[in-house]
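Numbering (full-length UniProt numbering), first residue to last: 1 to 129. Beta carbons: idealized from backbone N, C-alpha and C, even for Gly. This report concerns only the one structure given below.
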Amino acid sequence: MWEKGLPVPHLQADILDHHGIFIGRPDFFYPEYSVGVEYDGEGKYRGQYGITPEEAAISEMQRTKQFGNAGIWLIRITAQTLNDGSWIRHLSQTLKQNRGKVFPAEQWRSAGLAWIPNQPRRPRGSTRK
Numbered sequence: 001m002w003e004k005g006l007p008v009p010h011l012q013a014d015i016l017d018h019h020g021i022f023i024g025r026p027d028f029f030y031p032e033y034s035v036g037v038e039y040d041g042e043g044k045y046r047g048q049y050g051i052t053p054e055e056a057a058i059s060e061m062q063r064t065k066q067f068g069n070a071g072i073w074l075i076r077i078t079a080q081t082l083n084d085g086s087w088i089r090h091l092s093q094t095l096k097q098n099r100g101k102v103f104p105a106e107q108w109r110s111a112g113l114a115w116i117p118n119q120p121r122r123p124r125g126s127t128r129k
């Protein structure tokens, strides 16, 4: 996200519904656009965490619906979309479409931003001297 020049998201923001009940904590959150981003590891869909793949899929669908009902568009990243880069195009497009759709300040809280804004970008693979 940083390398692509996207806005700075908040990390692990607590999201509340309009009653103040905790919904979830996406990996990244853009309150100015009402967009959350989550990385979906494959382990939960392979039964590695004590639940069946079917239970994991149902749980994720319900969670996505809860975020949607609260007014948040959730972008999911998988190993495939991470590798092929499609997630960044999807996120960029969604941020453009959601410009001005600010999520209510009283319905989220965050420990901070993912990076310091306005830091110079270095070419990928470069090192500081």
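According to DSSP, residues forming a beta bridge with residue i
i	result
L16	F22
E38	R76
Y30	V35
L11	F28
residue 194	This structure does not reach residue 194, given that the chain is present from 1 up to 129, and the question cannot be answered.
L113	H10
Boundaries of the alpha helix (DSSP H) in which residue i is found, first to last residue
i	result
I88	S86 to Q97
E60	P53 to A70
Alpha-carbon to alpha-carbon, residue j and residue i
i	j	result
S34	V102	6 angstroms
Q107	H18	7 angstroms
S126	Q93	Because the pLDDT at S126 is just 47, under 50, the model does not fix this residue reliably, and the value given afterwards should be weighed accordingly. Cα to Cα, S126 sits roughly 28 angstroms from Q93.
R109	A13	5 angstroms
residue 142	E3	The requested residue 142 does not occur in the structure, where the chain is confined to residues 1 to 129.
G36	E54	23 angstroms
K65	I15	13 angstroms
T81	W87	5 angstroms
K129	M61	Note that K129 scores a pLDDT of 45, beneath 50, so its modelled location is shaky; the value from the coordinates is reported in the next line. Between K129 and M61, the C-alpha separation is close to 46 angstroms.
Residue i versus the options, residue with shortest Cα-Cα distance
i	options	result
L113	L95, R99, P9 and D40	P9
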